[in-house]
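Accompanying notes for the structure given below.
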Amino acid sequence: MGIERCGLGRDRWARCIYWIYSAPIVGNKLSRRLSGIREGIREVGANPDDLESITIYDANQIAAWVCQHPAVAVWLNEEQNGLPLDGFQTSDGWGGRTDFGAIELVDDEASRYVIGDAVSGKAQTGDALSSHQARERIFEHIAEPKRCVRVIGSSGIGETRSVYELFRGRNTLERAIAGVSAIFCDCRSIGQERLHQIVAAMAGHGASALVVVDECPREPAAVLVDIVQYA
812 MGIERCGLGR DRWARCIYWI YSAPIVGNKL SRRLSGIREG IREVGANPDD LESITIYDAN
872 QIAAWVCQHP AVAVWLNEEQ NGLPLDGFQT SDGWGGRTDF GAIELVDDEA SRYVIGDAVS
932 GKAQTGDALS SHQARERIFE HIAEPKRCVR VIGSSGIGET RSVYELFRGR NTLERAIAGV
992 SAIFCDCRSI GQERLHQIVA AMAGHGASAL VVVDECPREP AAVLVDIVQY A
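Using the working numbering, read the sequence shown as starting at 812 and increasing by one per residue.
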């Protein structure tokens, strides 16, 4: 908990009091605490109405603010985990790629996707899936914790764009949560060793996040699976 008094302007000081709590404040506790603060000010002979504002920020309000400012969220994670997170992006940041913005997505309705075996990677028997069906299957799979998916195919057929579209949709609460909790990186720029260190640290801290790694070869992808599943 902390208190801060600040001034606004050079000639006219607008006094404000901010109370910051590291725990959520629910129910009528907020109004009761505000009333208590105002009463305490009166007890020392001051007038709470002379203040510009008396504001309480609880853990929920702080978390909501952090979610609106991805750079702050990244900085807090760096401070908590002690690992540099430069090179990681939010889903909105990843969607700012010029090739995503300049080219409108056209869903391929042809059944070109197949589900591979988790161990061998070989295609399982059964009907092939369209791009939309494949995205739905992926989302259903990663909705559970400690799940991993590797999307592979020939270069240039659109694996990266298809995965991005999976997280862009915000038409349901589940989709919205997945979109804001996903972080993206390119394995070529992050480097395999640092990528494994960061994911291991996040898993060790029990971080609730979806990590999407573009251009990730089979061997480092297998290491990521082990890190996530055995954390």
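Don't be surprised by glycine CBs; every beta carbon is placed ideally from N, CA and C.
Report yes if the CB atom of residue i is closer than 8 Å to the CB atom of residue j, and no otherwise.
| i | j | result |
| --- | --- | --- |
| Ser942 | Tyr924 | yes |
| Gly906 | Tyr832 | no |
| Ile949 | Leu977 | yes |
| Val1010 | Val1022 | yes |
| Leu845 | Ile865 | yes |
| Leu896 | Glu889 | yes |
| Phe899 | Cys959 | no |
How long is the line joining the alpha carbons of residue i and residue j, rounded to whole angstroms?
| i | j | result |
| --- | --- | --- |
| Ile926 | Ala1042 | 25 Å |
| Leu894 | Gly856 | 49 Å |
| Gln1003 | Arg849 | 55 Å |
| Asp822 | Glu863 | Per-residue confidence for Asp822 stands at a pLDDT of 37, beneath the threshold of 50, marking its modelled position as unreliable; the derived number appears in the next sentence. When rounded, the distance between both Cα atoms is 15 Å. |
| Val837 | Arg843 | 11 Å |
| Lys957 | Asp861 | 53 Å |
| Val883 | Ala1014 | 20 Å |
| His1007 | Val1039 | 10 Å |
| Trp876 | Gly990 | 17 Å |
| Glu1030 | Ala1012 | 19 Å |
| Ala987 | Ala945 | 19 Å |
| Arg1005 | Thr983 | 34 Å |
| Ile969 | Ile963 | For the record, residue 969 in the displayed sequence is Gly; it is not Ile. If you take the alpha carbons of Gly969 and Ile963, they lie about 10 Å apart. |
| Phe911 | Arg979 | 11 Å |
| Cys817 | Gly904 | Unreliable placement is indicated for Cys817, whose pLDDT of 38 sits below 50; the coordinate value is still reported in the next sentence. C-alpha separation (whole angstroms): 34 Å. |
| Gly992 | Ser973 | Sequence inspection shows Ser at residue 992; the Gly mentioned does not correspond to that position. Spanning the two alpha carbons is a distance of roughly 18 Å. |
Just to confirm my understanding: we take residue i, look at its own chain, exclude 5 residues before and 5 after, and list those with CB closer than 7 Å. What are they?
| i | result |
| --- | --- |
| Ile852 | Pro859 |
| His952 | Arg958 and Val960 |
| Thr909 | none |
| Val1034 | His1007 |
| Leu887 | Val877 |
| Glu947 | none |
| Glu854 | none |
Tell me, to the nearest whole angstrom, how far the beta carbon of residue i is from that of residue j; I am working on the premise that it is less than 8 Å.
| i | j | result |
| --- | --- | --- |
| Ala1020 | Ile994 | 6 Å |
| Ala939 | Ser922 | 4 Å |
| Gly1032 | Arg961 | A quick correction: the sequence has Ala, not Gly, at residue 1032. Right, the Cβ-Cβ distance comes to about 5 Å (below 8 Å), so this counts as a contact. |
| Arg954 | Glu985 | Here residue 954 turns out to be Ala, not Arg, going by the sequence shown. At roughly 7 Å, the Cβ-Cβ gap stays under 8 Å, so Ala954 and Glu985 are in contact. |
Report all residues from its chain with a CB closer than 8 Å to the CB of residue i; omit the five preceding and five following residues, and keep chain order.
| i | result |
| --- | --- |
| Ala834 | Asp869 and Ala870 |
| Ile873 | Ile831 |
Got a sec? Which residues, its chain only, sit under 6 Å from residue i by beta carbon, not counting five neighbours each side?
| i | result |
| --- | --- |
| His1016 | none |
| Lys999 | Residue identity check: residue 999 is Arg in the sequence provided, not Lys. For Arg999, where only same-chain residues beyond five positions count, the Cβ hits under 6 Å are Glu1026. |
| Thr971 | Asp1025 |
| Pro1028 | none |
| Asp919 | Ser942 |
* Segments assigned beta strand (DSSP E), at least 3 residues, entirely inside the stretch 828–879 -> Fully enclosed beta strand (DSSP E) runs of no fewer than 3 residues occupy 864–868 of the stretch 828–879, in order along the chain.
* Taking the runs of the alpha helix (DSSP H) that are 4 residues or longer, which of them lie wholly in the stretch 977–1009? -> Within the stretch 977–1009, the complete alpha helix (DSSP H) runs of at least 4 residues are 984–992 and 998–1001.
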